[in-house]
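As structure tokens, the structure follows; a few thoughts come after it.
Residue numbers (the UniProt record's numbering): 1 to 177.
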């Protein structure tokens with residue numbers, strides 16, 4: 001299985017107020033779970049941060065981090081990504097995957113020929129998109145659906161990609177009008 005040793009679970013944003021609170025963007029299914037993982041650290045593990053408490057704001061959390069007591073302290077950690085060890089994350093359900101487990105997997109066509117590697121999983125609001133770096137040609141951005149990605153084999157180190165035959169949108173006739 002391809003697993004990253006450390007997983008980014010949140011990113012610190014701008015200071016919130018004057019008492020050291022920060023905006024925190026969690027990358028977890030339950031935004032408040034960042035409190036439950038214990039100390040979070042920088043990617044290299046050199047610095048640790050503990051989220052003492054948080055409250056939900058519009059599209060982020062407003063958090064108190066131990067040792068961050070002033071607005072200036074909060075401003076110094078703006079943009080910092082916070083990580084945990086992969087083994088602290090709960091097991092996934094069938095058909096659910098951590099993005100970090102998918103990145104780097106070989107992308108195969110239905111006949112088993114390699115077409116590239118998984119670069120990233122994106123979500124711009126309309127569903128997950130799988131980004132494939134092909135062996136040849138331009139990067140592929142495809143819907144991460146059961147139809148397009150019918151097989152995810154973490155132990156085998158690959159995904160199967162069935163390229164859509166047609167993309168919904170304007171027909172050539174509509175474009176001329």
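We put the beta carbon where it would ideally sit given N, CA and C, even for glycine.
Asked, Found
"So residue 114 and residue 108 are in contact, right, with Cβ under 8 Å, and what is the actual spacing, rounded?", "6 Å"
"Rounding to the nearest angstrom, what Cα-Cα distance links residue 157 and residue 110 in this structure?", "15 Å"
"Here's the rule: buried if 16 or more other CB atoms are within 10 angstroms of the residue's CB, otherwise exposed. What is residue 23?", "buried"
"Give the DSSP-derived three-state secondary structure of residue 18 in the structure shown.", "coil"
"Taking only three categories from DSSP, how would you classify residue 149?", "coil"
"Evaluate residue 124 with the Cβ neighbour count: other Cβ atoms within 10 Å of its Cβ, from every protein chain shown; 16 or more gives buried, anything less gives exposed.", "exposed"
"Using beta-carbon positions only, say whether residue 34 and residue 52 come within less than 7 Å of one another.", "no"
"Please say whether residue 99 and residue 130 have beta carbons closer to each other than 7 Å?", "no"
"DSSP state of residue 34, grouped into three classes?", "helix"
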